[in-house]
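First comes the structure, then the notes that go with it.
Encoded structure:
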């Protein structure tokens, strides 16, 4: 980050380019975003991400801006990838036009506690509906059990709130 660059919400939002929907967020999609968007500097994390995430342990965390959802008139909707220890998440966050946090939801990623590996893939449709499918694997067993999969539908509302409807497979 340029030393002369002022920290502003407008500058923060510019780091999240709008994308054409639909878009799929899979296990390796963050590589595409990280090749085009540098990690967020600590000042942006402290000023804007921590407002919606709470305190961030920066020594073990990297946050990559992915994109913004287009055509939001009353708010900003952004997706970022948060990488921690054995925990990689795509997060949808919404803010007012003035930068006040509205809502936040993990919409995909990979997590492991050493015993179970959970992987989620998300599809964001043009109508702002997000479909998330999650599969869990027992790391001690060699075969994947499809009966442990779940699916949820998430709606991004016109006021920036995020509503979840659970629909098991």
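Numbering (my numbering), first residue to last: 631 to 799. Glycine included, each C-beta is placed from N, C-alpha and C at the ideal position. Only a predicted model underlies this, so the values are computations on that prediction, with no experimental measurement involved.
Asked	Found
Residue nearest to residue 736 in terms of C-alpha spacing, selected from 785, 756, 779, 770	785
Reference residue 750; option with closest CA among 641, 711, 657	657
Endpoints, the beta strand (DSSP E) within which residue 714 is located	705-714
Helix, strand or coil at residue 683 according to DSSP, with G and I counted as helix	helix
Where residue 723 falls, given that 16 or more other Cβ within 10 Å makes a residue buried	buried
Alpha carbon of residue 664 to alpha carbon of residue 693, nearest angstrom	10 Å
Among 696, 753, 795, the one whose alpha carbon lies nearest that of residue 666	696
Residue range of the unbroken alpha helix (DSSP H) whose run includes residue 663	659-666
Identified DSSP bridge partners for residue 779	According to DSSP, residue 779 bridges with nothing at all.
Status (buried if at least 16 other CB within 10 Å, exposed otherwise) for residue 648	exposed
Where residue 670 falls, given that 16 or more other Cβ within 10 Å makes a residue buried	buried
Identity of the residues DSSP links to residue 697 by a beta bridge	709
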